[in-house]
Structure formats: structure tokens, C-alpha cells
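Step one of this worksheet: look at the structure below.
Chains as they are written, first to last, in my numbering: chain E, 8 to 363; chain Z, 235 to 598.
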């Protein structure tokens, strides 16, 4: 029997070394994978990790794709530190897109420079209110927030689907399910000509800093951390558990909602039936990959973003099928997360494994 | 190779039949290879929408040999990512790019503006540009014929239809199918279950089983998996496939399938690009153009039914029969197309009612 036993102390050197070890293992496994497929492994690795970043456009895309991941993950990390499990960032993101996008459609033909800030605000608030639902259910009825927040994802997708198939359908769009294109006032300003990189990435980085300060400097942030690390101590100190749940959900909901509205007012430019290819879920991985620390999360968001771009590049430039790129992406995550686990836990081979 | 093409403007008039000769290989040997990109909304898989596009891509490789090379990108989400993938294909030297899902329309148009020398063809959309064509097939013609098969085969006179979203394309298919059913069996009725997903084998199967439990002995679908064929096989009823021949998922159950065949269109488009004569077109071809075909009949389809289908097919190809020949009544009794004319393309493109013979009300 194999079991994992928490280590008494985690080596500081190893904490810095694991990403390197994981990287080396990924490269070795990648060489084996690509060679066995008859593909030049060096070229494949170059295509996956470097090629996407060799143009200004590619760099822009890298940051563009990292933006919603970063926004969602940094918000989620607050709750995860406080032992509050918001699994529904995808839903809050979707509702953020609906609320912010709804503003753009409501004021169609009547725009001004005030439109985008209003959209961002409404998108964030929409996600926040949607996040408040599982928090309320948790605090009022003690409903498991993992389940309720996850189930609300599916509700949100139905709401968006109903709107773009029905009342918000582009009147000139032959009944196809998508909204009008937003007016220019409803679009994120592009930061770098020739790319799609927009203001959203700046917003994400600034808010990352704000949350960092909140968690490390504010009393409320401290309460969240204590609630996560030592629930009994938090209760003894009189910190309200309910308040921690609510604050965690409001922050992560707001951030996810903001991710949603920056997506639709950024690269998409209209409401469509699916606004996110699963950023809200991938952000959970990003948050843990970044060890719930703001700096780590920034790195993790960019790594996962590169992983998406690299997967596409392997398909386009090396003509490898999606299945192979998927296997390679899986190996990368396996090594990174696996070595994380081994830094904190040791594998014990023994018979006295406790029954689960 | 002769392909009749339908040029579809807003009013979708048939501009005419055009002849395009396959370029003589000897004349274009000196040219460099044409790189062709395909953007797919799902993995290729074994059957379905993307699989049919990929079959025709392989046909291109077979026909053109080393004069072309093809690249596919699978499972590209219809959101912010599509634009990047299309752009990367263009930047990587692809001279012709097929974007094969509706959600790629705006991204295709955006990228096409930045790459005026690249030819784009977008499947199922309505926006075009100088270097962006659109193409689609008159799937409803195949639907009509499969309706004839279903109407002739059913004994319970209840036929089930699992459908994705109530957009005109899907509604048109349900209506054409029902017109086919009723043309041979005026007592049969079609029941529709909407599942709000293009691909969800679990929901598709559940919906098929609901319909079967309500007495349906033939089921069909406008979704992308093979689940309903398998459900029919397991429940001892019949199924009609869509997109692809799905007979191997239920050999006894499978009656036939209305399949998409993009070979002619793709070959023709590649020829035009190789010859440097690519134009922005809007192709909406049907049975006559080989863009829609019925797959082989299963054992449960009688010779008599096969003969009727062959006859109707010939009539559609020759233009003597239109699946929506007036009078067309909706299922509340209102006349939508008067007797004496058949439906216009514009009416087809905006169809938002159920025809007579369908139970229930179309979700709006």
C-alpha cells in the first residue's frame, strides 16, 4: 500500500527547486513522447514553449490568455486560503459577461466614454452577487458551497444561452445565437498596436497587487488566513466564520465577473453562447499551481496560458493531433503538481495505512 | 468536374450553373505547394460534423497530392481563441483556410482583413468579404428523404427527434423531415426534444429514451454524437443518423443517414485558389451538387421504400420536387407558403415555425 504522509518540515530549497525539477522531467518525458512518435523532439519542445512567444503578436496573446486566468485565480486564492471552496468561478465569470455585456446592449446606439467603466463595474458586481448566492446558502442553511457554486455554473450557462438565443439575439443576425457586436466605446482599448492585448491585463495585475496587500496587510485578510490555517483558533478569537465565507465569495465572484466582462469587451466584442473555454475551472489549477500566493499565481497563469498556445502551435506547426498535445499538456501538469505534492508529503510504503 | 453552385445573395437567387475544369496537373507543377488550414470546433472523432469535414480534407490530399498540404486545429473554442488560431494559420503561410463552425464568423472576417492575400471560406455564416466566401449545404433535402424512410418504416406512427437549439437551420431540418414523413404517412407525428447542446451523449441518449418510452419507434437527431443510434439499437427500435453514416453504432437499428459531403466544394475551391481565380462566393448546394447524400440503407428498409426514396431523390435533383412545395401549413393550421409556389430561400433561412405533423410548440 502506498500512502502520503505530511512532512514535518518542508525544505525551503526544495520549494524553489521543484519548478525546475518539474521542468526537467517534462522535457525528458516530452523527448520520449515526441521521439516515439517519430517527431523531432527538440523542434517540438521549441514549438511548444518558445515559438508562441517569438512575435509581438504572440506575446500579446500570451498575456491576453493569462488575463482571465489570473483574475479568476487571484480571487479564488482568497477563499482557498480561508478554507472556502468556490468551485463556481466559471459561473460568476459568465454572469459577469452577461451583466457587463447587457449594459453594452442596453445602451446600444447611445454610447459614450462612460460605457466601458460602467460595463466593467456591472460585470464585477454581477459576478459578485452571483457569488453571494452560494455564500448565503452556506451561511444560512450550511449548504456545501462546493456543490452549490458548481451547480450554479450550469445555471449561468443556461441564462447566457437563453439571452443570446432569445431576447439579446442580434436583430440583423439571421436568428443565429449571438448578440450584436459592441460599439467601440464598449471595447477594451488595445495596449499594443498589432496585437489584441488590452487594458484587462493591467487591471488584472493591479488587482493582484491590491489583493496581495489585502491578504498580507489588512486585519480582515488576516482573519481569512487564520480561518483557513487554524479554524479552532479563529473561532476562539471570535472571528466570524460566516463573514469569512461571505467575503471570500464576494471577492472571488467580483474577480471572476471582471474576467467575464473583460473577455467579452476585449477579444470577443459581443455576447456569444460560450464566452469562456473553462477559465473558471482552469483557474483552480492556476491558484494551487501558484501555491495561493499572488506572485506564484501570476507565474502559473502565464504558464497555463503558454500551455494553451503551445498546444495550438504543435497542431499548426508540427501537425500533431490534439490528442498528442493534450497528453503533453497533461504530463506538464502532472510533473508540476506531482512534485508540489512530494515537497509537502512523503510516500510511505507500509501496511498500517489508515482506513479512509 | 461539373458542380452546380448556388450563389446566395440576400434574396438567394440562383445565379446559374458554372463549369469549372480541374486544373491540369502539368500546368501548375511549377507552383509551390498550397497550404490549407482547417479550423475544427471539436475533435475529428469517428462520426459527426467535424468528421465529415475531415473526410473531405483527406480527399483533397488524395486528389491534389503534393500540390497541397493540409493542417488541422481541433477543438478550437468559438470565442476569443478562434481569432488567434485563424490568424496563426494565416501568418504561417496557409493560403486557404476553412473555418468550419458558425462561431468563427466574426473572427474569420477580422483576420481576413489583415491577410488580404489569403482566401478564407467560412461554413454556415452570412458575412462575406472580398477574400471570405461562405458555404453550406441544403441539408433539408436529405432530411426530407430520411423523413420518407421514417414515415414508411414506423408502425407506431410516432417518430422522435432529438434537437440541439431552435435556430432556423435545425428547425428547417425538423420541418423537412416531417414533410417527408407525412408525404408517405399522413397519420404519423413527429415529437421533438430540445437538449440545448450540440454535443452531449448523455443528454442525447436520455432524450432518445424518453421519446422511445413515449412510443417512438424511429428516432433521429440534430446533435453531434452517435448516442441516439446506440439508444435505438439497445431498445430494439430504428434510428436515422445525421452528419455521418452511423450504421456501425447500431447495425439493425440504422435505417439510413443524411450525410454531409464537402468533397466537391473543397476540390473546387482549391482549384480556384491554385488557378489564382478565387472569388468571394456563397455556395448553398444540395443533393444535386453532391453536398448531401443518403448513406446505405439498413436491413429494415424495404425495397419498396428504397424505390420511393430513389424516385423522390431524382425529382429533387431535377428540380421537379421541393421539400417545401406549397401549400406549407404550420402546426397551428396557418398557411406559411401558399399553394402553387415553393418556399423561397429567404423564408428557409428565417424559418421559425413547426410544420403540420409536429407535436408541440417551437421554443422561442
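Glycine included, C-beta positions come from ideal geometry on N, C-alpha and C.
Chain E contact for residue i (CB, 9 angstroms cutoff)
i, result
"residue 190 of chain Z", "Nothing can be reported for residue 190 of chain Z: it is not among the residues displayed for chain Z, which extend from 235 to 598."
"residue 468 of chain Z", "no"
"residue 336 of chain Z", "yes"
"residue 306 of chain Z", "yes"
"residue 435 of chain Z", "no"
"residue 551 of chain Z", "no"
"residue 360 of chain Z", "yes"
"residue 401 of chain Z", "yes"
"residue 261 of chain Z", "Residue confidence is low: residue 261 of chain Z scores 45 on pLDDT, short of 50, so the model does not pin down where it sits. Its coordinate-derived value is still stated next. Taking Cβ atoms only, chain E never reaches closer than 9 angstroms to residue 261 of chain Z, which makes this a no."
"residue 268 of chain Z", "no"
"residue 347 of chain Z", "no"
"residue 407 of chain Z", "no"
"residue 271 of chain Z", "yes"
"residue 297 of chain Z", "no"
"residue 321 of chain Z", "yes"
"residue 486 of chain Z", "no"
"residue 365 of chain Z", "no"
"residue 318 of chain Z", "yes"
"residue 350 of chain Z", "no"
Cβ-Cβ distance between residue i and residue j below 9 angstroms
i, j, result
"residue 410 of chain Z", "residue 452 of chain Z", "no"
"residue 417 of chain Z", "residue 392 of chain Z", "no"
"residue 524 of chain Z", "residue 505 of chain Z", "no"
"residue 125 of chain E", "residue 262 of chain E", "no"
"residue 76 of chain E", "residue 320 of chain E", "no"
"residue 234 of chain E", "residue 90 of chain E", "yes"
"residue 550 of chain Z", "residue 520 of chain Z", "yes"
"residue 458 of chain Z", "residue 276 of chain Z", "yes"
"residue 254 of chain E", "residue 231 of chain E", "yes"
"residue 48 of chain E", "residue 38 of chain E", "yes"
"residue 561 of chain Z", "residue 569 of chain Z", "yes"
"residue 163 of chain E", "residue 102 of chain E", "yes"
"residue 600 of chain Z", "residue 398 of chain Z", "Within the shown structure, residues of chain Z are numbered from 235 to 598, placing residue 600 of chain Z beyond reach of any answer."
"residue 354 of chain E", "residue 32 of chain E", "no"
"residue 305 of chain E", "residue 215 of chain E", "yes"
"residue 492 of chain Z", "residue 530 of chain Z", "no"
"residue 167 of chain E", "residue 278 of chain E", "yes"
"residue 300 of chain E", "residue 401 of chain Z", "no"
"residue 297 of chain E", "residue 80 of chain E", "yes"
Cβ separation of residue i and residue j, assumed to be a contact under 8 angstroms, to the nearest whole Å
i, j, result
"residue 131 of chain E", "residue 105 of chain E", "Contact doesn't hold; Cβ gap of about 13 angstroms is too wide."
"residue 345 of chain Z", "residue 375 of chain Z", "Going by Cβ atoms, the distance from residue 345 of chain Z to residue 375 of chain Z rounds to 32 angstroms, so no, they are not a contact pair."
"residue 495 of chain Z", "residue 527 of chain Z", "5 angstroms"
"residue 338 of chain E", "residue 51 of chain E", "About 13 angstroms separates the two Cβ atoms, so there is no contact after all."
"residue 377 of chain Z", "residue 407 of chain Z", "5 angstroms"
Chain Z within 9 angstroms of residue i, Cβ atoms only
i, result
"residue 178 of chain E", "no"
"residue 315 of chain E", "yes"
"residue 328 of chain E", "yes"
"residue 97 of chain E", "no"
"residue 64 of chain E", "yes"
"residue 311 of chain E", "no"
"residue 336 of chain E", "no"
"residue 283 of chain E", "yes"
"residue 250 of chain E", "no"
Same chain only: Cβ atoms within 8 angstroms of residue i, ignoring 5 sequence neighbours per side
i, result
"residue 59 of chain E", "65, 68, 69, 313, 316, 317, 319 and 320"
"residue 513 of chain Z", "367 and 506"
"residue 279 of chain Z", "285"
"residue 593 of chain Z", "423, 424, 425, 426 and 565"
"residue 243 of chain Z", "Bear in mind that a pLDDT of 36 at residue 243 of chain Z, under 50, signals an unreliable position, so the number given afterwards is only what the model happens to contain. Excluding residues within five positions, the ones whose Cβ falls inside 8 angstroms are 516."
Contacting residues, own chain, Cβ-Cβ under 6 angstroms from residue i (five flanking each side not counted)
i, result
"residue 441 of chain Z", "396, 427 and 429"
"residue 258 of chain E", "82 and 85"
"residue 249 of chain E", "146"
"residue 21 of chain E", "350"
"residue 247 of chain E", "none"
Neighbourhood of residue i by C-beta, 7 angstroms cutoff - its chain only, sequence neighbours within 5 removed
i, result
"residue 150 of chain E", "144"
"residue 356 of chain Z", "333, 338, 339, 342, 366 and 368"
"residue 555 of chain Z", "546 and 549"
Heavy atom of the ligand COA within 8 angstroms of residue i beta-carbon
i, result
"residue 458 of chain Z", "Ligands are entirely absent from the displayed structure, and the ligand COA is therefore not among its contents."
Chain C residues whose Cβ lies nearer than 7 angstroms to that of residue i
i, result
"residue 312 of chain Z", "Within the model displayed, chain C is absent; protein chains E and Z are what it includes."
Exercise for review: Spell out a yes or no on whether the region 158-177 of chain E and the region 97-109 of chain E are touching, meaning 3 or more CB-CB pairs, one atom from each, closer than 8 angstroms.
Suggested key: yes
Check your understanding: Just checking, does the region 328-337 of chain Z make contact with the region 263-279 of chain Z on the three C-beta pairs under 8 angstroms criterion?
Key -> yes
**Study point:** Three CB pairs or more closer than 8 angstroms across the region 113-129 of chain E and the region 171-183 of chain E
**Key:** no
**Study point:** Segment contact, 8 angstroms Cβ cut-off, at least three pairs: the region 267-275 of chain E with the region 139-149 of chain E
**Key:** no
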